[in-house]
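What follows is a set of notes on a single structure, which appears directly below.
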Amino acid sequence: MASSTAWTLAGTPDPAWKLTVTGDDAPPVADPSLAMLSEADLVAACLAGQSGAFDLIVERHRRTLYQLCYRFVGNHEDASDLTQDVLLRAYRGLRNFKGNSSLGTWLYRIGVNVCLNRVALKTPQSEPIDARQFIDERSESPRERVLRGERAVQVRAAITQLPRKQRAALILRMYHDMSHQEIADALGSTVGAVKANVFHALQNLKRLLGEGAGLA
Amino acid sequence: MRHLSPDLLIDIAEGTRPESSASHLAECGECRRQLAELREMMAVAVSAEMPEPSPLFWDHLSARVRTAVAEDVERPAPWARVLNARVLAGSLGLIGAAAVLAMAVSMRTGNVPATTVTLTPPPLAAPADVASDDPSLTLLTDLADGLDWDAAVDDGLTVPVGAADVVVADLSDAERVELRRLLREAMSAPGA
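Note that the protein sequences, when read in sequence, are chains A and B. Just so you know, the first sequence maps onto residues -18 to 197 in our numbering. Just so you know, the second sequence maps onto residues 18 to 209 in our numbering.
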C-alpha cells in the first residue's frame, strides 16, 4: 500500500525554502522518544524490533561512514554502495555489539573492513570532474577555486592509489580524527604499525603527487 | 649516526612530542628534511576537501538501507542457506560413514547394541539427482537456491578447517585401527 506521508528535508540550508517530498518511499515516522536513548539503549531497541531505531542509527552515522568510504574509493557511486553495505552488515551484526567501544567506533571497524575488502577486489574509478561542484568556495576567486579543486582531486586520487593498510591508517588519522590506538583497534594492528603506516603513506603520497608539485 | 624512527617522526610532526625531545634533530639534516616533508604532506592531505553530495542524497541513502534491511529480514533463515544439495549430500555421506565406523568399533569391542541398525552412506550424487529423489530435499534446494558456499562460510555455519583432524586425534587406538581398515577397504573398492 502506498504511503502518502509527507516529510520535510532536514538541514535545508535556507529556511525560506521548504522542500516537501511526498511519495511511496517516505520514511516511517520514528518514535521521538528514541532520540533520547543512549547508544546502548538504541541498539537494544533495535534488537527488540522497535520501529525506527535502526533508522536513527543510520541517520546519525551515515555521513561519517560515507566520508570514510569516499576517501577509500574516491568516487560517489562506489562510496554510496559501500556505505549501504556497511550499514547492512552493521544491522546483521548488531547482536555482536557489546558496547566495549562507542557505536561509532564499532561502525568504523565494519566500514574499514568492508572498504579494505572492496579495495582488494576492485580498481578505483577515476573521480568525475564535476565532483568539485559542491565545495563551498564563495570566498575565493574563480582561479583559486579551480586550482584548489584540482589539487583536492589529485590528492584524493593519490590516496586511492596507496596500499590498503597505509590508506586506511592515513584516512582514519587525517580525516576522522581517530587516535593511533583507535586505528590500531579498528585495523587489528598495533600503535607502532599504525604510525609506520601513516609515515609511509605520507611518503608515498608525496611520491605520487610528484616532487616539487608545490601543493602545500 | 642513528636516525629518528618513523614513530618518533610522526609524533613530532603531529605535535604530540616536542622537537626538543629529540636532540638528534638539531644535528641531522636528513631527519629535519623528513620531518618537514611529513608536515607538508599532512597539510596537503588535510586540505583536500571532499565533495559534498546533494542534500537529497542522505535520505535517498537511508531509504536504500531501509530497503536492503527489509529484504535481508525476508531472506530464508541462515540454517536454510547452508542446506544446499551439495552440502546435504556430503553431510549425509559423512554421517553415514561415521555411523558405520561407530557400529564397527562397537562390534569389535563387544558393545553390540540390542537393536542393530544398518545405515549405508548414500552415494554422492549430483545435486539435481539428490533433490529429485525426495520432495523434502526439493524444498530445501529451493530455499537454498542462489546461495553459495562463501555465504555459508561468512555466517560461520560450515565445519572449520582442521575439524576432521581434531576428531581423528580424539580416536582411541582401536578406533584408529578400524578407521584405517575402513579407509583401505573403501579405497580398494571398484570405482574408488
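All C-beta atoms in this analysis are idealised placements derived from N, C-alpha and C, irrespective of residue type, glycine included.
Against ASP89/B, the close residues of chain A are LEU69, TYR72 and ARG73, in the order they occur along the chain (beta-carbon pairs closer than 9 Å).
For GLY130/A, the enclosing alpha helix (DSSP H) has its first and last residue at 123 to 140. The Cβ atoms of TYR89/A and LEU49/A sit closer than 8 Å to each other. With a 10 Å radius around the Cβ and a threshold of 16 neighbouring Cβ atoms, ARG52/A comes out buried. The Cβ of HIS42/A sits no closer than 8 Å to any Cβ of chain B. Under a criterion of Cβ atoms nearer than 7 Å, no residue of chain B is adjacent to VAL93/A; the nearest Cβ is some 17 Å distant. Contact annotation, ALA149/A with LEU168/A: C-beta distance approximately 6 Å; criterion of less than 8 Å satisfied. Closer than 8 Å to the CB of LYS187/A there is at least one CB belonging to chain B. The beta-carbon separation of LEU78/B and SER61/A, rounded to 6 Å, stays under the 8 Å limit for a contact. DSSP, reduced to helix, strand and coil, places TYR47/A within a helical segment of the structure shown. Taking the C-beta atoms as reference points, LEU84/A is found no nearer than 8 Å to CYS27/A. Taking a C-beta distance under 8 Å as the contact criterion, THR45/A and HIS161/A do not qualify as a contact pair. If you look at ASN185/A, you'll find it in the alpha helix (DSSP H) that goes 172 to 190.
VAL82/B sits close to GLN65/A, with the two beta carbons spaced by under 8 Å.
Rounded to the nearest whole angstrom, the CA to CA distance from ILE140/A to ILE164/A is 17 Å. Against PRO35/B, chain A offers no close residue; the least beta-carbon distance is about 17 Å (beta-carbon pairs closer than 7 Å).
Per the C-alpha coordinates, the member of ALA71/A, GLU40/A, ASN56/A and ARG41/A positioned closest to ASP89/B is ALA71/A. Assigned with DSSP and collapsed to three states, LEU143/A falls in coil, not helix or strand.
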